[in-house]
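Only one structure is covered here, and it is reproduced in the block below.
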Amino acid sequence: MPISEKNRRRFEGIGFEAVRRELTAGYSRYLPIDATSQAEAKEWVAEKEKEIGETDSARTNREKRSLRYAYWTLLAAIAAVIVGVIGVVVTLRH
């Protein structure tokens, strides 16, 4: 169902959380009671939730990539310390 520009602007003005709360709670402080606007509000909330979900997915992928990079950097640092210690031990034994 396409959302009218008038309602889209109105929902943007009200804000995602307020529109979702009103749809969930069932009271209509900002939203009209007519069925068409309610249906458009539900559709708008679904669009926004999908956008937020995609954004969270991208953020999660970035975080995983950063954690992998940190893990390999830490592992390389530990390996460098071990090689350094082994080098010192071998040097002192000769």
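As numbered in numbering that gives the first Met the number 0, residues 0 to 93 make up the sequence shown, in order. Backbone N, C-alpha and C define an ideal beta-carbon position, used for all residues, glycine too.
When the Cα atoms are used, what is the spatial distance from A57 to E50?
-> Counting from one through the sequence shown, the residue named residue 57 turns up at place 58. Counting from one through the sequence shown, the residue named residue 50 turns up at place 51. Their Cα atoms are separated by approximately 11 Å.
Outcome for W71 when other beta-carbon atoms lying within 10 angstroms are tallied against a minimum of 16 | If you number the sequence shown from 1, residue 71 lands on position 72. Counting Cβ neighbours within 10 Å, W71 comes out exposed, since fewer than 16 surround it.
Below 6 Å CB to CB, which residues in the same chain sit around K47 once its five sequence neighbours on both sides are set aside?
-> Working through the sequence shown from its first residue, we reach residue 47 at position 48. Result list for K47: F15, in chain order.
Identify which residue in T90, R9, A78 has its Cα closest to the Cα of W43.
-> Locating residue 43 in the sequence shown gives position 44, counting from the first residue. It is R9.
What residue range is occupied by the uninterrupted alpha helix (DSSP H) comprising L30?
-> Your numbering for residue 30 matches position 31 in the sequence shown. L30 -> no alpha helix (DSSP H), and no H or E assigned at all.
Could you tell me the boundaries of the alpha helix (DSSP H) in which I13 lies?
-> Position 14 of the sequence shown holds residue 13. Start and end: 4-13.
Return the CA-CA distance between L22 and R64, expressed in angstroms with no decimal places.
-> The residue labelled residue 22 in the question sits at position 23 within the sequence shown. The residue labelled residue 64 in the question sits at position 65 within the sequence shown. Near 37 Å, if we compare the C-alpha coordinates of R64 and L22.
Given R66, which residues of its chain have a CB within under 6 Å of its CB, disregarding the five upstream and five downstream residues?
-> Indexing the sequence shown from 1 puts residue 66 at position 67. Residue identity differs from the one stated: residue 66 is Leu in this sequence, not Arg. Closer than 6 Å at the Cβ level, and outside the excluded window around L66, lies no residue.
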